[in-house]
Every structure is written in structure tokens, then in C-alpha cells.
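Engineer:
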Amino acid sequence: MPELICSNLTKTYGKGMKALDKVSFSIPALGIFALIGRTGAGKTTLTRILATELMPTSGAASINGIDVVNNAGRLRDMIAVLPQESRAVAWLTPRQTIITYLMYRGVGFSEAKKKADSALRKTDMDRFANTLNEKLSGGQKRKILVATVLASGAPIIFVDEPTTGLDPISRAELWEAFKMLKKDHFVFLTTHYLEEAERLADRVGILHEGKLMALGTLDEIRKLVKYQYSIRILGKKDGIKVKEGKKTLGEDGYLQIMTTEKEADALSRRFIKGKIRFSINPVSLEDIFYSIVKKPIREEEGNGKQEEW
Amino acid sequence: MGKSVLSQINASILINAIYAMQGYPAMLISNLLSPISIIIIVTFASHGSLLGEAVSGGLITAFVGGGLSLQADLAHLKNDFKLQDMVVSSPTSAGVYLFGMAISELIFQIPSIITLLALAFFFVHATLFAAAEVFAVLVLLYAFSIVLGFFLSTVSSDILQSWAFIGILSILLTTIPPVYYPINYIPMPWRYIAYISPTTYAAGIVQVSLGYLPPSQSNIALDWAVLIALCIILFVIAVKKNRWRDV
Ligand SMILES: Nc1ncnc2c1ncn2[C@@H]1O[C@H](COP(=O)(O)OP(=O)(O)OP(=O)(O)O)[C@@H](O)[C@H]1O
Ligand SMILES: [Mg+2]
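If you're matching them up, the sequences are chains A and B in order. Note that the first sequence covers residues 901 to 1209 in our numbering. Note that the second sequence covers residues 71 to 317 in our numbering.
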């Protein structure tokens, strides 16, 4: 099984700013890996180091046994990268954008033309094939760049926030495109859309202030948090006794109770008896994310006492 | 050269020359005018006596200017479009990227070079040997300025910084050195300032070989040695200190 291995990867910018702090992990280099984390967490830094664009301060990393620092040349034959802040070059058309990128990858001009046309068709951008990039909308420009790395056919793809700024339909289209790659490609993706990570990723990593806080399949990281279940009740303002768990009143008027499997079981029995309408789900990535990197605004740890709302 | 390396070189030429010209033809006109404008000034100010010097100076400026504008182009592509990041992580090496970009810059200079060569044909009288020597100096100067431009573009983080680099370099490489007139027009001790600039040595060689400067006023062998040494030093610094891969 091909693997991505990081050991004690550390990046200090300039003299002080520690953006990555001894990050160590290993994951299969196959399928989709989503890296999430708050703004400034170090996602781009990690992505750029693995994509051979940035030197780490210390530590090591390898993909399929190829060292990203010392053997970057070999790795570059296999990877295609969409940097977070990439913009389609203003004076090129989408078609020229893809063609020239493929040429940098060593593909001949006529072959590159064919691949570009097919990538434009697949991303539903063929209508704009010959429009100057500077005349495209922000989301269209982003889509062109995603199409560009997809056209590369590289077995390993790094995409740093590929769907930021896209409408829901375009985003779903790109999700489909990424899903198609799952079987025989490795996609390393960062995102602020937790739904995107949840839907696409085989594995998720949560980075916080330069440290890797959680890593694994969704089920695996769910086990890392205290409460695995989420119960939602609309507008239930009177006291609900929760032995073990966390209650949050959301702005949407729903009361959310995060709790353990056992307590969820007990609560749902009680709600059914009391004819209280509720929904129960395993905690979402969003809940996990919150509980790992930040406490939500209004919350109370259940302590068995009667509580007023 | 492998087929894929040719593709990689062509990619830079397409992005930075062919497609750019299609998009912004005004760039061509601007490149054409910049060396010619000074020729006009020098020629009229000297009542025509420095026409030959001005034309050869124009050629030098055109080749030095290539590196300066390359610096801005590359910094723009790198900082505003993140093209460098996409290329760094591709199979294209820094050297191949730079070679392609150097040719793209030369393509932009073609109209001004042709104009200058036409002027040189009529107003500069050179032996075959002198012409070859001038050609060699221009190639070396171009290599120097391209490598310098590439190096600076990789360390520049914004276009404002690039403009500052251009401002400093154009003074160092085209204003201080006696490009459009012989060095003995500069009184001592000011002449020593001119010797800070590598272009001064290039201009010395060109002016002696074209007969604008008496050989006694300049030491050709020393000029060549300094010029080549500066090229080597710069090349070593650029290879060691460039930020092709970010740190
Ligand atoms: N070139 C740089 N020089 C100095 N500090 C930097 C540089 N790039 C990033 N940083 C710092 O490193 C930290 C991590 O930045 P990084 O870009 O990796 O975060 P991120 O998780 O990608 O954030 P975002 O979600 O906003 O893209 C930040 O605190 C940032 O200020
Ligand atoms: Mg980022």
C-alpha cells in the first residue's frame, strides 16, 4: 500500500512564527484525504511542503517512499498541485491555461490541446474555452484551475481549497470529479467546508495551531471525542435532565444535546415516552471539529442538575 | 534535448510572449521605443557625433533591459498568479523554466533589436571580428541580466518590491555606466563609480572594438575578465540563494 508519511514535520517562518509543530502521521496514499482546520492552522504550509514547494524547517516526509525534500524531482513527475492563491493568468484563455500547464508537465502541444478540451467539457467550462481568463467570474477562474490539475492525469493531486467561491452546483460537480479519482488516485485536499470533507474524504485530519489534533476515518475520529451522538429538539425550553453530555441552544431555535451512546439511548427512550419530537444522529464532522478546536458559544456541561432555559 | 523539455520551454514562451502579445500588443510598442528614445536624445545632444555610440548603447540597453523586464514578468506570474508554485511542483526545472522565459523575453525584444541592427548597419562601421566580439558581449550581458532578473523575482514577494528592484538595477546597469558615450567623457574620479557596474566593462569592450574609444583608454583583457568573473559570481549566487523552492 502506498503511503504518505510525515515525521516531526516542523515549519518555522522567519525567526518566530511556528506554523507546523512536529506533525507526525501516516496515511494510505490512496483515495481522498481532507485536511481541515481554522484559518492560520497550517494547512497551506503542510500542503506546500508535501507538494515540494516549500522546505520544512525540520522533520521529514515521504510519499510512496519518495522523500519530499531530497527526492523532489522524482515526486514532481507524479504530482499536480493547485495552490490556494493561484489565479488563472489574466491574458490566457482557459484552454491556453490548461495547455501550458500540461506542457510544463512535459506533454506535447497537440496532445495537451486534446486533454484540455476534454477537461473543459468535463467541468462544463467548454463554453468559456476561448474567453480571456480576466473576463471570467471569480468562481469560473477557480474552476479552470481545478480543471487544469484534473487534466494533468497525475496520480497524486494536491488541491488547497479547490471549491472556495463556487456555487453549490459547481461544487457538487467538482466533488463528482474528485470522487471519480478515488479508486486509483491520491487526492490531498484542504477545505473550510466541513460538508465537503465529510462527503468526499476517506480520511480526515484536523490541524490546529500547527498541531495535528485528530486523524482517521470519520468513524475513527468520532471515537476521539467525548460525545458521539447528537440529539436535536425544536424549541424545547423546559428543563431536560442530561446526566452526561453537553447542551447547546442554537440560533435556529433547536436545542442540541451532544452525548454518549448510553445516555443518547436513555434520552431517546424518555423523549419517546414523553412524546417529544427529536432527531438523533452520530455527531457530524462539524460537531467534532468544534469540540476539538473550539467551544461553541452557549453551552453547558450536563451535571444532572435541573437547568433553566 | 528531449521532446518533453521542448514542451516545457515552449510553455514559457507561449505564456510570456505569444499569448501576452496577443493580449497586450502595447507591450511590443513600449519595448520598441525604450532604447530608441535615448538614441534620439544622445544623437541630438551631441549634434550627431555620438550616433554610433548611441546605437551600440541602445543594443546594450536592449539586452540588459531584457533581464529587468523579465524580473517584473516573473515576479508578477509568481506573486499574483502563483504560477511559480505550480511549475515548481511540476517536472519543469528552474533552469528550463528560466531558459524558456529568457527566450520569451528575447521575442519581445525582436522589433527593437531589428530596428537597432538596421541602424547599426547604416551608422556603425564594424569589422567582422568586432561584430563577433560585440555579439559575444551582448550574449553575456543578456545571460547576466536574465539570471539576475530570475534570482530577484524568486525573492520578491510583491510587485511594488519588483519595481524597486527595477529602479535600482536600471540605475546600476544602464544609467551609471557610460553606455551611450565613451567612458573618457566621465571626468576622474567619477569614472570609478562607473566601474561599479558590470555594464561599464561590456560598454568598454564594445566601444574599443567599434573604434569609439582608443584602446589605450581601456584594458580589453581586463574588461573581459571582470565581465566573465561577475557572470560566474552572479550565477553561483543565483543557484545557491534563489527561492525557486520557497524556504
Ligand atoms: N510566508 C509566510 N511568512 C510568515 N508567516 C507565514 C507565511 N505563510 C504563513 N504564515 C503563518 O503560518 C501560519 C499558518 O499559515 P497557513 O497559510 O499554513 O494556514 P492555513 O491553515 O492554510 O490558513 P487558511 O485556512 O487561512 O488558508 C499562519 O499563522 C500564518 O500567519
Ligand atoms: Mg491556506
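For every residue, glycine included, the Cβ atom is placed at its ideal position computed from N, Cα and C.
(1) Let me check understanding here. Comparing Cα to Cα, which of B/279, B/296, B/236 and B/157 lies closest to residue 122 of chain B?
(2) At a cut-off of 7 Å, would you count residue 943 of chain A as near ligand 1, judging by its Cβ distance to the nearest heavy atom?
(3) Determine the burial state of residue 1209 of chain A: buried for a count of at least 16 other Cβ atoms within 10 Å of its Cβ, exposed for fewer.
(4) Give the interface partners of residue 1005 of chain A over in chain B, defined as CB-CB distance under 7 Å, in chain order.
(5) Using DSSP with H/G/I as helix, E/B as strand and the rest coil, what is residue 1025 of chain A?
(6) Let's see if you can read the secondary structure: which residues bound the alpha helix (DSSP H) around residue 146 of chain B?
(7) Taking 8 Å as the threshold, find out whether the segment 1031-1049 of chain A comes into contact with the segment 1057-1067 of chain A through three or more Cβ pairs.
(8) What residues from chain A crowd round residue 90 of chain B, counting only those whose CB sits closer than 7 Å?
(9) Can you tell me whether residue 917 of chain A is helix, strand or coil according to DSSP?
(10) Tell me whether residue 1113 of chain A counts as near ligand 1, meaning its Cβ is closer than 7 Å to at least one heavy atom of that ligand.
(11) Check for me: the beta strand (DSSP E) holding residue 26 of chain B runs from which residue to which?
(12) From the DSSP output, in three-state form, read off residue 86 of chain B for me.
(13) What residues in its chain sit with their C-beta under 8 Å from that of residue 1169 of chain A, if we drop five residues either side in the sequence?
(14) Drop a sphere of 10 angstroms on the beta-carbon of residue 915 of chain A, count the other beta-carbons inside from all chains shown, and report buried for 16 or more, exposed for fewer.
(15) Confirm the yes/no value for this check: CB of residue 939 of chain A, any heavy atom of ligand 1, distance under 7 Å.
(16) Please state if the CB of residue 1103 of chain A and the CB of residue 1091 of chain A are separated by a distance shorter than 8 Å.
(17) One question on the structure: do residue 1097 of chain A and residue 934 of chain A come within less than 8 Å of each other, judged by their Cβ atoms?
(18) Please check if any C-beta of chain B sits within less than 8 Å of the C-beta of residue 1008 of chain A.
(19) Could you spell out where the alpha helix (DSSP H) holding residue 157 of chain B opens and where it closes?
(20) So what's residue 1156 of chain A in DSSP terms, helix, strand or just coil?
(21) Verify the CB distance criterion: does residue 148 of chain B have a CB-CB separation below 8 Å to chain A?
(22) Among A/1157, A/990 and A/961, which residue has its Cα nearest to the Cα of residue 1034 of chain A?
(23) What separation, rounded to the nearest whole angstrom, lies between the Cα atoms of residue 902 of chain A and residue 1086 of chain A?
Structural biologist: Taking the geometry as given:
(1) Closest option to residue 122 of chain B, Cα to Cα, is B/279.
(2) For ligand 1, at least one heavy atom lies less than 7 Å from the Cβ of residue 943 of chain A.
(3) Bear in mind that the predicted position of residue 1209 of chain A carries a pLDDT of just 42, short of 50, making it unreliable; the figure below should be weighed with that in mind. Under this definition residue 1209 of chain A is an exposed residue.
(4) The contacting residues are 160 and 161.
(5) Three-state DSSP puts residue 1025 of chain A in coil, outside helix and strand.
(6) From DSSP, the alpha helix (DSSP H) with residue 146 of chain B extends over 121-149.
(7) Result yes; three or more Cβ-Cβ pairs closer than 8 Å.
(8) The answer, in chain order, is 991.
(9) Looking at residue 917 of chain A - three-state DSSP - the assignment turns out to be strand.
(10) No - ligand 1 has no heavy atom lying nearer than 7 Å to the Cβ of residue 1113 of chain A.
(11) Outside the shown range of chain B (71 to 317) lies residue 26 of chain B, about which nothing can therefore be said.
(12) Reduced to three states, the DSSP call for residue 86 of chain B is helix.
(13) Counting only residues of its own chain and dropping the five nearest sequence neighbours on each side, residue 1169 of chain A has no CB closer than 8 Å to any other CB.
(14) Exposed, since its Cβ has fewer than 16 Cβ neighbours within 10 Å.
(15) Yes.
(16) Taking 8 Å as the cut-off, the beta carbon of residue 1091 of chain A is found no closer than this to the beta carbon of residue 1103 of chain A.
(17) In this structure, residue 1097 of chain A lies near residue 934 of chain A, with their beta-carbon atoms less than 8 Å apart.
(18) Flagged as an interface residue toward chain B: residue 1008 of chain A, by a C-beta distance shorter than 8 Å.
(19) Element bounds for residue 157 of chain B: 153-158.
(20) Three-state result, residue 1156 of chain A: strand.
(21) By this cut-off, residue 148 of chain B is not an interface position.
(22) The candidate whose alpha carbon is nearest that of residue 1034 of chain A is A/990.
(23) Spanning the two alpha carbons is a distance of roughly 9 Å.
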